[in-house]
């Protein structure tokens with residue numbers, strides 16, 4: 013499992029590249045042709061957080077869900093930078109809050125990765141699926157665990173996120189806390205909200221076993237404490 017975990021984490025971290033690449037394809041939507049120059053102009057404005065320029069281009073006919081070469085729409089840029097006003101504008105103009113990039117990430121995933129709490133909250137308020145999964149089975153709560161997004165983890169759980177959701181490797185969010193240093197507070201939130209430390213992943217490992225394997229003893233002690241509290245030790 014550890015190999016699968018490390019591979020998946022490496023892939024995850026490789027996905028969090030700056031949103032800077034611009035595609036060169038001509039895009040058609042609603043009979044509006046968007047050439048390379050216009051597309052570049054839009055994504056440059058998104059990178060800069062230039063809301064007025066974005067409004068000008070979108071109102072001028074550029075599709076609100078136009079994609080860069082990673083499959084990311086403008087809403088991903090708002091999520092990446094926690095730009096609340098930009099996110100509101102895009103959603104109000106029909107942006108798909110469940111759009112997925114080529115890795116299966118949604119704007120909510122992106123907001124969690126980048127610690128963009130305000131945009132994450134807005135997306136959820138507008139109906140974003142808190143159980144959405146990327147191509148590796150990560151839910152937003154998995155990412156909150158990996159990146160130690162305590163406040164966002166609480167928000168996701170309060171909106172119904174499954175604390176025991178499994179990814180493609182059978183890992184729950186607590187498995188990732190067990191193998192990722194600096195995630196004590198998220199682990200505590202997960203355990204307080206019913207995370208099951210006895211769940212085994214696809215390689216038969218529980219969060220407690222993984223924490224001990226990687227010598228993450230602070231997490232292992234926390235898990236044991238909660239298991240004792242629940243009478244499971």
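Numbering (this note's numbering), first residue to last: 13 to 245. Quick reminder that beta carbons are idealized off the backbone N, C-alpha and C, glycines included.
Exercise for the section: Give the secondary structure of residue 45 by DSSP, where H, G and I count as helix, E and B as strand, and everything else as coil. Expected result: What you label residue 45 is simply residue 33 of the chain shown in a count that begins at 1. Residue state, collapsed to three classes: strand.
Exercise for the section: Compute the beta-carbon to beta-carbon distance between residue 85 and residue 69, rounded to the nearest angstrom, for a pair I have assumed lies under 8 Å. Expected result: By one-based count along the chain shown, residue 85 stands at place 73. By one-based count along the chain shown, residue 69 stands at place 57. Incorrect: roughly 14 Å between the Cβ atoms, too far for contact.
Handout entry: Distance, residue 82 Cα to residue 34 Cα
Key = Position 22 of the chain shown, counted from the start, is the residue given in the question as residue 34. Position 70 of the chain shown, counted from the start, is the residue given in the question as residue 82. With a pLDDT of only 28 at residue 34, under the threshold of 50, the placement of this residue in the model should not be trusted; the figure read from the coordinates follows. When rounded, the distance between both Cα atoms is 9 Å.
Handout entry: Beta-carbon proximity of residue 248 to residue 110, cut-off 9 Å
Key = A question about residue 248 goes unanswered here, because the residues of the chain that appear run from 13 up to 245.
Problem - residue 116 versus residue 172: straight-line alpha-carbon distance, rounded - result: For the purposes of this step, residue 116 is taken as the residue at position 104 of the chain shown. For the purposes of this step, residue 172 is taken as the residue at position 160 of the chain shown. Spanning the two alpha carbons is a distance of roughly 21 Å.
Practice task
Alpha carbon to alpha carbon, how far is residue 225 from residue 62? Give it in angstroms, no decimals.
Solution key: As a first step, residue 62 must be located in the chain shown, where it is residue number 50. As a first step, residue 225 must be located in the chain shown, where it is residue number 213. Each residue's Cα considered, the two are about 47 Å apart.
Practice task
Have a look at residue 228 and residue 166 and give me their C-alpha separation to the nearest angstrom.
Solution key: Position 216 of the chain shown, counting from 1, holds the residue named residue 228. Position 154 of the chain shown, counting from 1, holds the residue named residue 166. Taking the straight line joining both Cα atoms gives about 23 Å.
Exercise for the section: For residue 187, I'd like the list of residues in its chain whose CB is within less than 7 Å of its CB, leaving aside the five on either flank, ordered along the chain. Expected result: As a working note, residue 187 is residue 175 in the chain shown. 213, 219 and 222, listed in sequence order.
Exercise for the section: Please say whether residue 142 and residue 107 have beta carbons closer to each other than 9 Å? Expected result: Counting from 1 along the chain shown, the entry for residue 107 is found at position 95. Counting from 1 along the chain shown, the entry for residue 142 is found at position 130. The answer is no: Cβ separation not under 9 Å.
Practice task
Would you decide whether residue 45 is buried or exposed? Buried here means 16 or more other CB atoms lie within 10 Å of its CB.
Solution key: By 1-based counting over the chain shown, the position of residue 45 is 33. The residue is exposed, with fewer than 16 neighbouring Cβ atoms inside 10 Å.
Handout entry: Neighbour-count burial assignment, residue 183, 16 or more Cβ in a 10 Å radius
Key = Taking the chain shown and counting its residues from 1, one reaches residue 183 at position 171. Its Cβ being crowded by 16 or more others within 10 Å, residue 183 is buried.
Problem - Neighbourhood of residue 194 by C-beta distance below 7 Å, restricted to the same chain and skipping five residues each side - result: Position 182 of the chain shown, counted from the first residue, corresponds to residue 194. 160, listed in sequence order.
Exercise for the section: Run the CB neighbour count on residue 153, radius 10 Å, all protein chains shown included, and call it buried at 16 or more, exposed below. Expected result: Position 141 of the chain shown, counted from the first residue, corresponds to residue 153. Buried is the call here.
Exercise for the section: Determine the closest residue to residue 151 out of 163, 135, 118 and 133, with distance taken between C-alpha atoms. Expected result: Indexing the chain shown from 1 puts residue 151 at position 139. The residue with the shortest Cα to Cα distance from residue 151 is 118.
Exercise for the section: Quick one: grab the DSSP three-state call for residue 77. Expected result: Residue 77 sits at position 65 when you count from the first residue of the chain shown. In this structure, residue 77 counts as coil in the three-state DSSP scheme.
Problem - Residues near residue 197 in its chain [Cβ-Cβ closer than 8 Å; skip 5 each side] - result: Here residue 197 is taken as the residue at index 185 of the chain shown, counted from 1. Answer for residue 197: 160 and 162, listed in chain order.
Handout entry: beta-carbon residue 123 near the ligand ATP non-hydrogen atom, thresh 8 Å
Key = The model depicted lacks the ligand ATP and carries no ligand whatsoever.
Practice task
Kindly list the residues whose CB is nearer than 7 Å to the CB of residue 146, restricted to its own chain and excluding five residues on each side of it in sequence; keep chain order.
Solution key: Locating residue 146 in the chain shown gives position 134, counting from the first residue. Excluding positions up to five away in sequence, the list reads 115, 116, 117 and 121.
Exercise for the section: Output the boundary residues of the alpha helix (DSSP H) element that contains residue 218. Expected result: Reading the chain shown from its first residue, position 206 is the one you call residue 218. From DSSP, residue 218 is part of no alpha helix (DSSP H); its letter is neither H nor E.
Exercise for the section: Within its chain, find whatever has a CB closer than 7 Å to the CB of residue 37; leave out the 5 residues flanking it on each side and keep chain order. Expected result: Start at 1 with the first residue of the chain shown, and residue 37 comes out as number 25. The pLDDT assigned to residue 37 is 32, lower than 50, so where the model puts this residue is not dependable; a value taken from the coordinates is nonetheless given after this. Nothing listed; no residue qualifies.
Exercise for the section: Output yes or no for whether 9 Å exceeds the beta carbon distance between residue 102 and residue 124. Expected result: Counted from its first residue, the chain shown places residue 102 at position 90. Counted from its first residue, the chain shown places residue 124 at position 112. No, they are not a contact pair.
Exercise for the section: Could you have a look at residue 197 and say whether DSSP puts it in helix, strand or coil? Expected result: Translated into the one-based positions of the chain shown, residue 197 becomes position 185. Three-state result, residue 197: helix.
Exercise for the section: Whole angstroms is fine: what's the gap from residue 73's alpha carbon to residue 170's? Expected result: Numbered from 1 along the chain shown, position 61 holds the residue referred to as residue 73. Numbered from 1 along the chain shown, position 158 holds the residue referred to as residue 170. Taking the straight line from one Cα to the other gives about 38 Å.
Practice task
Compute the Euclidean distance between the alpha carbons of residue 137 and residue 99, then round it to the nearest angstrom.
Solution key: Against the chain shown, residue 137 aligns to sequence position 125. Against the chain shown, residue 99 aligns to sequence position 87. If you take the alpha carbons of residue 137 and residue 99, they lie about 12 Å apart.
Exercise for the section: Identify whether residue 232 lies in helix, strand or coil by the three-state DSSP scheme. Expected result: Counting from 1 along the chain shown, the entry for residue 232 is found at position 220. Three-state DSSP puts residue 232 in a helix.
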